[in-house]
Amino acid sequence: MFNKAERIREYLRSEMLPSIFCSGCGNGNVLNYTLRAIDELRIDIDKVVFISGIGCSSRLPGYIDADGLHTTHGRAIAFATGVKTANPDLTVIIFTGDGDCAGIGGNHLIHAARRNVDLTVIEMNNYNYGMTGGQLSPTTPVEGRTTTSPFGNLEEPFDLAALVVGAGAPFVARWPVGYPYETVDTIKRGIEKKGFSFIEILTPCPTGYSPESGLKGNRQIWDWYKRNTLLASKYRQLSDEERADEDRMLIGVLQDVEKREFTDEWAKLVAQFAASRE
Amino acid sequence: MNIRFSGFGGQGIVLSGYIFGVAAVFDGKQALQTQSYGSESRGGGCRSDVIISEDEIFELAPPRLDVLVALSQAAYDAYLPALREDGTLILEDDLVDTGNGSGHRTFRIKATDIAHKKFGRKIMANMVMLGFICAIVEAVSREGLERAILDNVPKGTEEMNQQAFEEGYRIGKGEPG
Amino acid sequence: MPSQDARVQQMIEINEELCKGCDICIDFCPLQVLAISEIINRKGYYPPKVVDEEKCIGCRLCELVCPEFAITICNE
Amino acid sequence: MRKEIQLAGFGGQGIVLSGLILGEAAILDGMNAVQTQSYGPESRGGAARSDVIISDAPIDYPKVVSPDILVVLSQPAYDKYRSEVGKKAMLIIDSDLVESDESALCVPFSKLADELGRRIVANVIMLGTLAKVSECVTRDSLERAVLRNIPKGTEELNLKALDAGFRSA
Amino acid sequence: MMTQRQSRLSGFDNRTLFLLGDEAAAYGALYAGCDFFAGYPITPASEIAEVMSRELPRVDGYYVQMEDEIASLSAVIGAVWAGAKAMTATSGPGFSLMQENIGYAIMTETPCVIIDVQRSGPSTGQATKPAQGDVLQARWGTHGDHEIIALAPSSVQECFELTVESFNLAEKYRIPVILLMDGEIGHLRESITFPAYEDVAREERRLAEPEVESFGGEDVPPMSHFGEGRFIHVTGSTHKASGMRDVSTQAVHEDLVTRLCRKIVDACAEISSVEEDFVDGAKIGVLAYGATARPARGAVLEARRAGCAVDFLRLITIWPFPEEAVKRLADRVDTILVPEMNLGQIAREVERFTAAPVLPLSKIGGVPHTIDEILDAIRANGSGSGSTVGQRP
Amino acid sequence: MDKQGYDAIRKLLGESPAFVQGDVACAYGAVLAGCRYFAGYPITPATETAESMASLMPGCGGTYIQMEDEIASIAAVIGASWAGEKAMTTTSGPGFSLMQENIGYACMTETPCVIVNVQRSGPSTGQPTEPAQGDMMQARWGSHGDYELIALVPNSVQECLDLVIEAFNLSERFRVPVIVLTDGEVGHMREKTVIPEFDELKLVERETPTVPRESYVPFGGGEAAVPPMGFFGLGYRTYVTGLTHTEKGLPATSSAEEHTKLVSRLCEKIRQASESLVRIEERYLDEAEFAVVSYGITSRVALNAVRTLRRRKKKIGYLRLIGLWPFPEERLLGLSKQVKGILVPEMNLGQVYHPIREAVAGKCRVAHLPKIGGEIHTPAEIVEAVQKLMGGRRR
Amino acid sequence: MNDEPIIPGPARPLKPHRLLKFLRQEILPTAFCPGCGCGTVLNSFAQAVEELSIDPKDMVFVTGIGCSSWIPSPYFKGDTLHTTHGRPIAFATGVKIMRPDLKVVVIAGDGDIAGIGGNHLVHAARRNIDITVLMVNNWNYGMTGGQVSPATPFGVPTTTTPYDNPEHPLEAAELVAAAGANYVSRWTTYHVFPLMESIQKALEIEGFSFIEILSQCPVSYGKMVDMRRASDFLKFYRDQSVRVHKAKEMSAEELEGKIVVGKLVERQRSEFVTSLRRINERFREG
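Take a look at the structure:
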């Protein structure tokens, strides 16, 4: 049973509402899901820092009545690394978009995944640069028409979850916006995971570019995402031939392994010095 | 002639100003159009100014407005002081409440509702509005404006835009439907 | 998951001024409690209205899927 | 009193470390010292030079103007730097590695180091010789400075090397 | 036989259109012969990229959107050495990211054009609002000693013309040229009349004869392109005329960097372009550039109509700084008023060339000056009494 | 820092006086100033500071992290500062260019932090191992938009240590990034360096809010105010953004008034304090008719040259800029009224020469003596230039 | 780099080595430290060019900052763009788009390509632009004296991780495979023959090709792990490497500390510049 919406609203800066998001945008949902996850985990909100870069989804920390660091374009994860490694007692959650996180910020993404600092990245993939008016992003599908790919996108998009797994992250998951219960649950797991967790949420951008463009109404759009994705648990049951034919994006928890974490390792080192002094 | 279109992002404010400017250029006049908007693609405050003149234009923003088109309460409240006393006020009837009135020559139209109900597309509201303004304000020629609209709407929607413009124009002229 | 026998009186509160007319709540309500209203809010959107509150079982899906924090279910 | 000393050789011969130790010894003597170095982008094999200025007054201009002593541990360094240095400078060379037809204090530092079992202490031997002939630092301070800058477990070897240097002077 | 570019662009010949400054600049680039654009979305410069992505394939050019602004300028420089005329466009935050590679382009003498559509900073500031806050950054933003060329357009027509000019200067002096637009000019629409494609003067790249070195010999050496079997070596490290690295010989560095600066400083008179409008008896002069020059010009005309003699100087070239024109103005008037959409950046430069009081009329926050504001300042100081408009910071 | 903490650090640093490189002295200064966070990326000639910090940080309970690039390094430093630590990064020209965007961010968000730029010969990759003073103007103007910051220029290894402490103090006092502009010469040179004793160490600690959360105004307090910093985890729920923001910290990107108020305050808090920020060393200025104005490593050569000229009974004065930004305009204007001419020797093609000419506003001659290519001036060059200046007719 | 070597070569003329024609001979010997693997990579690369009979005129080299960037800049005699740190792949993108007829080769180190330049690496792989990247991985920043790099193994001391590296290394080849490249392999300087064949393959294949070459740094890295001789490294590479097909059958524990060598990916995704040019063709035809 979910908590009352009033309780969730107490996490918000009421003076900032309504949000800047367009009608039908999924970013508000992600905010809603994240706050519910935090509420259910009973984390002290005073010890949570929300960090973001530049873009629509990066505006989320502004709506939460908590410590927030709205940084420069692409650099949210690097700033967050500073916050977390300087004060590991804080829970650090990053809100970012596909352009911010995987475009200009791609290097910080892969290095944070490799380094394994205990951060939770919630990346909202809307397949384009929405805030600047719908340009090509590194996740825009092949042939997608955006304002800077007027003849169709020629580039292959990133499968971001696969990329982050490749870079070594211990916890990686993906959900389309239409899986509220599962997403809340996954965000809880991501926050609780000691290590770098990456959660990609596929969100529609009705104003900029959407792969499902042409569909009317959010019911249809959300259904489109369900039709075009496949649960990882189901994929695992497929035969090799079936897998070869499968080109839908996998969703669910895609990676969950244990790995030594940076701030833990550092604390051990500091403790060694402290012990040797005594 | 200084005209300001104002309202929310997504109401076609910038496009309206642009079309007016293009129409002025078609009419052989000088025109300068600027816009101002927040970070939001939709729903944030938005305005578009058009200065139309026979001579070279030095101003970047009109100091006083001859015409204020307000499509939201916030826009009306913010920009009313810039409207000349003898200026013309054009309002979206459903979204702006003027209280006891401002004392200006005022025209109202339910452009959003007409667009939604008559054309099934809220987005047509700005074409209805352009027709309405065209009927009231003599800034640019109707021919120039229609040409500018046809040049700047997506292929295949010309007819609907034309009809929406016509509808607004008819209402502006007080003609029966 | 929501319990089926939640017989307590539900009250669906819609903050119309926060709504942006995305209609997700209407589309996803399993029991069609909500529908598009005729009123335009100050932002020019048509917010949802409650058409059949009797049917509401308080599953809170509308509350959860609303991106604008515009819907609250109050149990009394 | 201002003494200017230049040490030159290959990268990898401990040239920079020698300058460091020399400067540190001077500090321990209560003097002022500045040590600078120049080297190419190669980590190994390029020419390296380390300059040390020792003075009882504050050192404003930190560069060597006219060295009192030039120590050269490689032929390329000799060819490169000898011409830059005035003739008044005392010249100390590793006699096995540098050919020179001018008057110089010639000590086979690397051979002496080999005799001690580790080629790497050649620079410490050189320091001993340098300190003895130039009297720019005291033996006591030099010993302390050497001990502060060498790996644990090599103290005895390095002190032996330093002694060999003093004796070779 | 018409080239593809000719046939596409001559469709615009002598037409009057109602365009954004951004769009006009993009067309200027196409007229100048630009055949490569790499960029990254940023307000208020994205429209330039959007036009380029639509138009470049039609004129047999190439558009690529890179992963960030650092990569964008990298790709531009790479394309130039492969034979392209190339450009990128950005705004403050992206311009800050490009600084390292701007220095690289200067050091390697790579002709290219960088448009900075200035917005209100520092940092993310007001992303959709205009400003002129990057003027000194354009001069000093990259590390090490260097000179740069920067131009500032004041109208949509000029966005077109100065983009062409930027390409020409870039080729002539083998240097990156920065077009300092601002969000006001970039995002305003007004009418622009396209010249006939044939009438546009285009500076073509001077290529080196075989055996001629590409990084020395004359102040602006001829270039070589990749793929011609010359085995050229292009490096941002200090290099000799052959292009080969030498990072430890003082004279090599001094010769190189001094030449890189000299080729611009010595050509200052030739590069400098200003609009001077002096009247007899003026006690006060207004010096402005970019969008601000519009209301400034309006105010000057207004003041003169009211009987107050005012001189007007508009900087079209910002860097190298048009010293001579500023000195000419300084010699004539008692007071120089400098309206700027920043906290007094060019006012500082003006101070170096005059003992007369320099009064910055600063305005930030994304709203351009009005004619009345500048007129008031002229009135307050027109007597030459030296009362202050804005305090010198 | 208490005595016990100080003693523990002294144990890490070893004996005093030390004989260390300028880069290492920067690390010593940072540790003594209370810096407990370092993020960096290797670059010649600044790497030694990073290496020292890597050795020192765990021993004093701090954190060292090597990031994937300089952009990330300064980002992590800003993040750490908001997590409550005094933080620093070091770099050289190319890295400094990459950091420019986030330096502007630190100014906009009023984040205290210290950036050491060990200048090398540019532009671009230039001569990586050779010293220069080519980033003086970049330090002031390198990021976009209007901002002010503080920059200090040490001329000895001792001063590297002292000024890094000073940099942390000013950074905390004014909530602004402070840049320490050393160069490859000072950075790589070893000198006698005295480590200050506990009672000599004057540290400025970060002011945090004392009011309840509801009444805390994180970015306000009047025209030149430096608000206390409610950093993360204190429960103030501060929202920090590089966007134009209100006193409460919330975005206000369309308001000209909020932007003007904010950016003016950010500049005014430094400009109004600029007199108190003046750090100048003056010598031989009595009855001086000409003066050499210099800074950094060049000033040591200049002092040598001035001494030589004074021995020859020439009335030459010496003025050294220790604090470079904000620029000590009043003091230079004062000097220009006293002397007939000023010589500015610099290891660049004439950078600080520009603000000196602005400040002097034509009151006396200003000549510059540029030198690039990685070699510092010789005393003879400066002596010769001064003599030329003295012989030259006034324009 | 000083063009006149401080260490003079032998007084007699250089032997007419068959690969010398590919090098800028006037500046030999190289500035690499004794035993450095960069020379081996240069050798293998020149061999591959010889085998394929590519005219160096048809190649452009783009490099970054670091020791291995010196392999073509200045030693391999071809058009060379020596760029800023971390950016060679981005520069190369511009070159390739304008001159698709030229083979564009990027050679740089782990710090350059996967550290500061990691973003350009993954994006170029995703875009699948026809560039050949040789990443010479020596597990540290060698030129600046041995700092930790993103490829440094966990738990190893470097000058900036004096108490052992607390970070995990990037598996660059696996990452590039995940990012979408057409050809990815990993070899070491011990595996010179397969390496040379792999370079040939990488040069031939259309699309983004990437070879991670583990290469010894006996001076900067070796001093910290007490592997001071090149042969220490080569033996290590020989003993610790496992072929890709064998690795597939091994557990994570068994693979701990092993070096997986061989071809990771070879596929035929569409190439970027070809697609880009196709659009222009459309307009050319009208």
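So the protein lines, in turn, are chains A, B, C, D, E, F and G.
Letter by letter, the first sequence follows residues 426 to 703 of my numbering.
Letter by letter, the second sequence follows residues 68 to 244 of my numbering.
Letter by letter, the third sequence follows residues 375 to 450 of my numbering.
Letter by letter, the fourth sequence follows residues 1224 to 1392 of my numbering.
Letter by letter, the fifth sequence follows residues 27 to 419 of my numbering.
Letter by letter, the sixth sequence follows residues 20 to 414 of my numbering.
Letter by letter, the seventh sequence follows residues 22 to 307 of my numbering.
Glycine included, C-beta positions come from ideal geometry on N, C-alpha and C.
Rounded straight-line distance, which links the Cα of residue j to that of residue i
i: F:Pro61; j: G:Thr84; result: 18 Å
i: A:Arg484; j: A:Ser477; result: 7 Å
i: A:Ala538; j: A:Asp514; result: 20 Å
i: C:Ile398; j: A:Cys630; result: 14 Å
i: C:Cys344; j: C:Ile445; result: Residue numbering for chain C in the displayed model covers 375 to 450; residue 344 of chain C lies beyond these limits and cannot be assessed.
i: F:Arg339; j: F:Val282; result: 31 Å
i: A:Asp593; j: F:Thr227; result: The question names Asp, yet the displayed sequence has Gly at residue 593 of chain A. Taking the straight line from one Cα to the other gives about 39 Å.
i: G:Phe254; j: E:Ala234; result: 46 Å
CB of residue i within 8 Å of CB of residue j, strictly
i: G:Phe229; j: G:Ile280; result: no
i: B:Ala98; j: E:Glu280; result: no
i: A:Met690; j: A:Lys619; result: The identity of residue 690 of chain A in the sequence shown is Glu, whereas the question assumes Met. No, the pair does not count as a contact, with Cβ atoms beyond the cut-off.
i: G:Lys117; j: G:Val127; result: no
i: F:Val358; j: F:Glu308; result: yes
i: D:Leu1296; j: D:Ala1312; result: no
i: G:Arg147; j: A:Glu581; result: yes
i: E:Thr396; j: E:Pro321; result: yes
i: E:His259; j: E:Gly269; result: yes
i: F:Gln23; j: F:Arg209; result: no
i: F:Val311; j: F:Val183; result: no
Environment of residue i [buried if 16+ CB atoms lie within 10 Å]
i: E:Val415; result: With a pLDDT of only 39 at E:Val415, under 50, the local geometry of the prediction cannot be trusted, and no value is derived from it.
i: B:Leu246; result: In the structure as shown, chain B begins at 68 and stops at 244. Residue 246 of chain B is therefore absent and cannot be evaluated.
i: C:Ile413; result: exposed
i: B:Pro129; result: buried
i: F:Ala99; result: buried
i: A:Thr459; result: buried
i: B:Gln102; result: buried
i: F:Gln177; result: buried
Start-to-end residues for the alpha helix (DSSP H) that takes in residue i
i: E:Ala115; result: Unbroken run through E:Ala115 is the beta strand (DSSP E), 112-116; no alpha helix (DSSP H).
Proximity test, Cβ basis, 8 Å: residue i and chain J
i: C:Gly418; result: The structure shown contains no chain J; the protein chains it does contain are A, B, C, D, E, F and G.
*Is the segment 502-511 of chain A touching the segment 263-281 of chain F, taking contact as three or more C-beta pairs under 8 Å?*
no
* Asked: Touch check for the segment 675-684 of chain A and the segment 578-597 of chain A: three-plus C-beta pairs under 8 Å?
  -> yes
**Asked** Are at least three pairs of beta-carbons, each pair with one atom in the segment 156-171 of chain F and one in the segment 152-171 of chain E, less than 8 Å apart?
**Response** yes
Count the CB pairs spanning the segment 63-70 of chain E and the segment 116-130 of chain E that are closer than 8 Å, and state whether there are at least three. yes
- Task: Determine, using beta-carbon pairs with one atom in the segment 203-212 of chain B and one in the segment 88-98 of chain B, whether at least three such pairs fall under 8 Å.
- Result: yes
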